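Chains H and R are the protein sequences, given in the same order. The working numbering applies: residue 2 is where the first sequence begins, and numbers increase by one. The working numbering applies: residue 2 is where the second sequence begins, and numbers increase by one. We put the beta carbon where it would ideally sit given N, CA and C, even for glycine. Remember, it's a predicted structure, so these values are computed and weren't measured experimentally. The structure appears right after this line, and notes come after that.
Number of protein chains: 2
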Amino acid sequence: MLVTKFAIPEIIFGKGSVKHLAPCARRLGARRVLLVSDAGLEKAGWVDMIKGLLEEDRIDCVYFSNVDSNPRDHQVHEGAALYKDAQADVIVGLGGGSPIDAAKGIATIAGNGGQIRDYEGANKIMRPLPPMIFIPSTAGSGSDMSQYSIITDVERQVKMSIISRSLVPNLSIIDPTMLTTKTSELIIASGVDAFAHAVESYVSRAASPFTEHQALLAIRLILDNMGEAVSTRSLQALEQLSIASTAAGMSFSNAGLGIGHSLAHSVGGRYDVLHGLVHPILLPVVMRFNLPAAKEKMARIGREILGPQVCPVGSLAEKGIEALHELFVSLGVTTRLRDILPTNSELEPLCRMAVRDTCTVTNPRDAHWSDLARICEEAW
Amino acid sequence: MLVTKFAIPEIIFGKGSVKHLAPCARRLGARRVLLVSDAGLEKAGWVDMIKGLLEEDRIDCVYFSNVDSNPRDHQVHEGAALYKDAQADVIVGLGGGSPIDAAKGIATIAGNGGQIRDYEGANKIMRPLPPMIFIPSTAGSGSDMSQYSIITDVERQVKMSIISRSLVPNLSIIDPTMLTTKTSELIIASGVDAFAHAVESYVSRAASPFTEHQALLAIRLILDNMGEAVSTRSLQALEQLSIASTAAGMSFSNAGLGIGHSLAHSVGGRYDVLHGLVHPILLPVVMRFNLPAAKEKMARIGREILGPQVCPVGSLAEKGIEALHELFVSLGVTTRLRDILPTNSELEPLCRMAVRDTCTVTNPRDAHWSDLARICEEAW
Numbered sequence: 002m003l004v005t006k007f008a009i010p011e012i013i014f015g016k017g018s019v020k021h022l023a024p025c026a027r028r029l030g031a032r033r034v035l036l037v038s039d040a041g042l043e044k045a046g047w048v049d050m051i052k053g054l055l056e057e058d059r060i061d062c063v064y065f066s067n068v069d070s071n072p073r074d075h076q077v078h079e080g081a082a083l084y085k086d087a088q089a090d091v092i093v094g095l096g097g098g099s100p101i102d103a104a105k106g107i108a109t110i111a112g113n114g115g116q117i118r119d120y121e122g123a124n125k126i127m128r129p130l131p132p133m134i135f136i137p138s139t140a141g142s143g144s145d146m147s148q149y150s151i152i153t154d155v156e157r158q159v160k161m162s163i164i165s166r167s168l169v170p171n172l173s174i175i176d177p178t179m180l181t182t183k184t185s186e187l188i189i190a191s192g193v194d195a196f197a198h199a200v201e202s203y204v205s206r207a208a209s210p211f212t213e214h215q216a217l218l219a220i221r222l223i224l225d226n227m228g229e230a231v232s233t234r235s236l237q238a239l240e241q242l243s244i245a246s247t248a249a250g251m252s253f254s255n256a257g258l259g260i261g262h263s264l265a266h267s268v269g270g271r272y273d274v275l276h277g278l279v280h281p282i283l284l285p286v287v288m289r290f291n292l293p294a295a296k297e298k299m300a301r302i303g304r305e306i307l308g309p310q311v312c313p314v315g316s317l318a319e320k321g322i323e324a325l326h327e328l329f330v331s332l333g334v335t336t337r338l339r340d341i342l343p344t345n346s347e348l349e350p351l352c353r354m355a356v357r358d359t360c361t362v363t364n365p366r367d368a369h370w371s372d373l374a375r376i377c378e379e380a381w
Numbered sequence: 002m003l004v005t006k007f008a009i010p011e012i013i014f015g016k017g018s019v020k021h022l023a024p025c026a027r028r029l030g031a032r033r034v035l036l037v038s039d040a041g042l043e044k045a046g047w048v049d050m051i052k053g054l055l056e057e058d059r060i061d062c063v064y065f066s067n068v069d070s071n072p073r074d075h076q077v078h079e080g081a082a083l084y085k086d087a088q089a090d091v092i093v094g095l096g097g098g099s100p101i102d103a104a105k106g107i108a109t110i111a112g113n114g115g116q117i118r119d120y121e122g123a124n125k126i127m128r129p130l131p132p133m134i135f136i137p138s139t140a141g142s143g144s145d146m147s148q149y150s151i152i153t154d155v156e157r158q159v160k161m162s163i164i165s166r167s168l169v170p171n172l173s174i175i176d177p178t179m180l181t182t183k184t185s186e187l188i189i190a191s192g193v194d195a196f197a198h199a200v201e202s203y204v205s206r207a208a209s210p211f212t213e214h215q216a217l218l219a220i221r222l223i224l225d226n227m228g229e230a231v232s233t234r235s236l237q238a239l240e241q242l243s244i245a246s247t248a249a250g251m252s253f254s255n256a257g258l259g260i261g262h263s264l265a266h267s268v269g270g271r272y273d274v275l276h277g278l279v280h281p282i283l284l285p286v287v288m289r290f291n292l293p294a295a296k297e298k299m300a301r302i303g304r305e306i307l308g309p310q311v312c313p314v315g316s317l318a319e320k321g322i323e324a325l326h327e328l329f330v331s332l333g334v335t336t337r338l339r340d341i342l343p344t345n346s347e348l349e350p351l352c353r354m355a356v357r358d359t360c361t362v363t364n365p366r367d368a369h370w371s372d373l374a375r376i377c378e379e380a381w
């Protein structure tokens, strides 16, 4: 095994864990927090709740909510200006992947100056960031665990991957009760995103025993709990999905992803499509493309999906991918690209863009833009 | 599930990873490092190697090696005085559990003043510690991962457990090539220590899905690789033991241990016995005592030891414990307490001391000192 790195934030996990926020922020030196969130979390009452927790402990709170579901570069710059003007000292991100990715972008500019596009790619952040605490409100993005921030460059219509050890927050506070105010659609989209993180990082070129193990845990927990979480909304099942999303986050943050995410970033940058909608469409097709380069591992995933089977490795892998596609169909999500894109006439530039995404580097099988185009056509 | 916390250091793992030391130390602000190690590592050439790596990168290195195999309070104070006098700014611990535990004690005094006994127990460290990088030279103690430092109070003849989030280092650099200079006896003693960490933390009252998963990984890897690591010394098997020890460290650091470690600390404090010799003797007896409070989990361990079995949970657990005892016998280590203690006439004070150890708190079954005495008698 080559030298591998593994870094995760400190974690506080469980029902009611959000109540630990204020003392933790204080431990990081907080006197005035910049809270980054969005309208959905305001409506569900979580933003007021968080503000209340901070204020009770006499920590000032400045609030920034101009964050789209695919956060934009100018929003990051606006948030960073607010952080500076308000003389804040700690950044708290509350939300799904979008507010948390935006909070990471804001922290990057606050600590390093310049424009967010200056940090696109891996390991471009050179100076320290302000302390960060993230509170995920979905069980999917894993952004509260990860070294990734995905920000849309509006001018180029690109979702930039910014990847740095510095983007791992000091602390992630994961409270599964946050999930109780989410729609079933969002729980599914988030769970499938986490599943895609687990699968892509499991077969990644940079996977290590530390990450593979987390990926398999996530795969198993999502398969075991997604149905119940959606149909009964039981807190117990939602909690298991939170554990899965956290494990998948630990895995992909350290092992990287693959061309499924390269394509999802490209599609999201060009058409502003919700990230979680892309994976049920692309993941099975991407897995089939990667099969020759990761047969044993795909069979292991197949065994998780199908249970113990007496059949050759290749066929177990194939059957698993087919069963996964059927599972997505049964969840009622779209599995055709034509349902979320306005046209298939722009697949070439989309795929030429995707093949340059950082996630392509760790894909287990070499991929040309024309391979990605074939994947899109198969999924059309 | 109740609220649970999970904290681990950043990890760099793999053959040759030790070469990352100097840039990592520099990233933490190092200009003059206090290196804590011992005579065994000097002899094996590792101390000179580490000094060389730092000096090549123009980082000064002050060396402290007055560390016994159960590090003493006065050694910690001596090291802390050297840290201060030398105006060092980062602490590097190189070794098995003893130099690393000593390094943690030194960091505690360097950052907080006073005497090391002031910090006995949980969460007594209030001020920040100097940056710490640990390089484990055994696959066992897990001290490079953990919130624990075990220091002997010479006057009271007690091994104190000092437990704090602050004792988790900034970075653990785990290079399995370090294991190649170790004797088979030490590989076994370390591996059994890691196995005991995994088992005790797996059944701990404070176990969480985050820790249980790591514990099971450690159990499986040690069972699968110990034999080969000892007989062939293959780097591949040693690497697997390193992964196991790291996983077990993640688990016990966050879930705590049990009365096996309470007794081991008590025995080690009174008789200066090598920690790794105690577990093959006590672990099976402790597991049998804990069985009524952790039947399902003991059966799960039994399944790891024996492979798939069709038999009732209780009997699977019992058979697993018996097989574990036989495994220890086959490794040629002593499994009787009489072989390592000079007398059984002092078991009462030993057990009265052990029952007050912090590790007793997370034991799955309530234990009185007389229960511990019965365990010692059974193991005599």
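Identify whether residue i lies in helix, strand or coil by the three-state DSSP scheme.
{"i": "Ser346/R", "result": "coil"}
{"i": "Gly141/R", "result": "coil"}
{"i": "Thr181/H", "result": "helix"}
{"i": "Thr359/H", "result": "helix"}
{"i": "Ser38/R", "result": "coil"}
{"i": "Ile107/R", "result": "helix"}
{"i": "Gly250/R", "result": "helix"}
{"i": "Ala199/R", "result": "helix"}
{"i": "Arg73/R", "result": "strand"}
{"i": "Leu172/R", "result": "strand"}
{"i": "Ala207/H", "result": "coil"}
{"i": "Ser191/R", "result": "helix"}
{"i": "Leu115/H", "result": "First, the residue type needs correcting, since residue 115/H is Gly and not Leu in the sequence shown. Coil at Gly115/H, not helix or strand."}
{"i": "Ile126/H", "result": "coil"}
{"i": "Met288/H", "result": "helix"}
{"i": "Met354/H", "result": "helix"}
Leaving aside the five residues before and after residue i along the sequence, list all residues of the same chain whose C-beta is less than 6 Å from its C-beta, in chain order.
{"i": "Phe329/H", "result": "Pro281 and Thr336"}
{"i": "Ala355/H", "result": "Ser263, Leu264, Ser267 and Leu373"}
{"i": "Leu332/H", "result": "Ile189"}
Could you name the residues of the same chain whose beta carbon sits closer than 8 Å to that of residue i, not counting the 5 residues immediately before and after it, in chain order?
{"i": "Gly315/R", "result": "Leu292, Lys296 and Ala300"}
{"i": "Ser209/H", "result": "Met2, Thr5, Phe7, Asn255 and Ala256"}
{"i": "Lys16/R", "result": "Asp176, Pro177, Thr178, Leu236 and Glu240"}
Please list the terminal residues of the continuous alpha helix (DSSP H) segment that includes residue i.
{"i": "Val268/H", "result": "Ile260 to Tyr272"}
{"i": "Thr233/R", "result": "Pro210 to Thr233"}
{"i": "Val314/R", "result": "Val314 to Ser331"}
{"i": "Asp340/H", "result": "Careful: Asp340/H lies outside any alpha helix (DSSP H) and carries neither H nor E."}
{"i": "Lys160/R", "result": "Unbroken run through Lys160/R is the beta strand (DSSP E), Val159 to Ile164; no alpha helix (DSSP H)."}
{"i": "Ser371/H", "result": "Trp370 to Ala380"}
{"i": "Lys52/R", "result": "Trp47 to Glu57"}
{"i": "Pro300/H", "result": "Note that residue 300/H is Ala in the sequence shown here, rather than Pro. Its alpha helix (DSSP H) spans residues Lys296 to Leu307."}
Under DSSP, the beta strand (DSSP E) around residue i begins and ends at which residues?
{"i": "Gly30/H", "result": "Careful: Gly30/H lies outside any beta strand (DSSP E) and carries neither H nor E."}
{"i": "Asp61/H", "result": "Asp61 to Phe65"}
{"i": "Lys6/H", "result": "Thr5 to Phe7"}
{"i": "Val91/H", "result": "Val91 to Gly96"}
{"i": "Glu11/H", "result": "Glu11 to Phe14"}
{"i": "Ser150/H", "result": "Tyr149 to Asp154"}
Spatial neighbours of residue i within its chain, please: C-beta separation below 7 Å, excluding the five flanking residues on both sides.
{"i": "Glu229/R", "result": "Ser235 and Ala238"}
{"i": "Ile275/R", "result": "The amino acid occupying residue 275/R in the given sequence is Leu; Ile does not appear at that position. For Leu275/R, where only same-chain residues beyond five positions count, the Cβ hits under 7 Å are Ser70 and Ala190."}
{"i": "Val311/R", "result": "none"}
Give me the Cβ distance between residue i and residue j, rounded to the nearest whole Å; I'm assuming they're in contact under 8 Å.
{"i": "Val287/H", "j": "Gly308/H", "result": "That pair is no contact at about 23 Å."}
{"i": "Cys352/H", "j": "Leu258/H", "result": "Not a contact, Cβ separation roughly 17 Å."}
{"i": "Ser38/R", "j": "Ser66/R", "result": "6 Å"}
{"i": "Gly94/H", "j": "Met50/H", "result": "Rounded, the Cβ-Cβ distance is 15 Å, inconsistent with contact."}
{"i": "Gln76/H", "j": "Ala104/H", "result": "Their Cβ separation, rounded to whole angstroms, is 11 Å, which puts Gln76/H and Ala104/H out of contact at 8 Å."}
request  = Give the residues from the segment 201-222 of chain H that approach chain R closer than 9 Å (Cβ to any Cβ), ordered along the chain.
outcome  = Ser209, Pro210, Phe211, His214, Gln215, Leu218 and Leu222
key: Contact set between the segment 18-31 of chain R and chain H, restricted to residues whose Cβ is under 7 Å from the partner   = Ser18
ask   = What residues in the segment 2-19 of chain R bring their beta carbon closer than 9 Å to a beta carbon of chain H?
value = Met2, Leu3, Val4, Thr5, Lys6, Phe7, Ala8, Ile9, Pro10, Glu11, Ile12, Ile13, Phe14, Gly15, Lys16, Gly17 and Ser18
message = For the segment 239-268 of chain R, list every residue whose C-beta sits within 7 Å of some C-beta in chain H, in sequence order.
response = Cβ contacts with chain H: Glu240 and Ile244.
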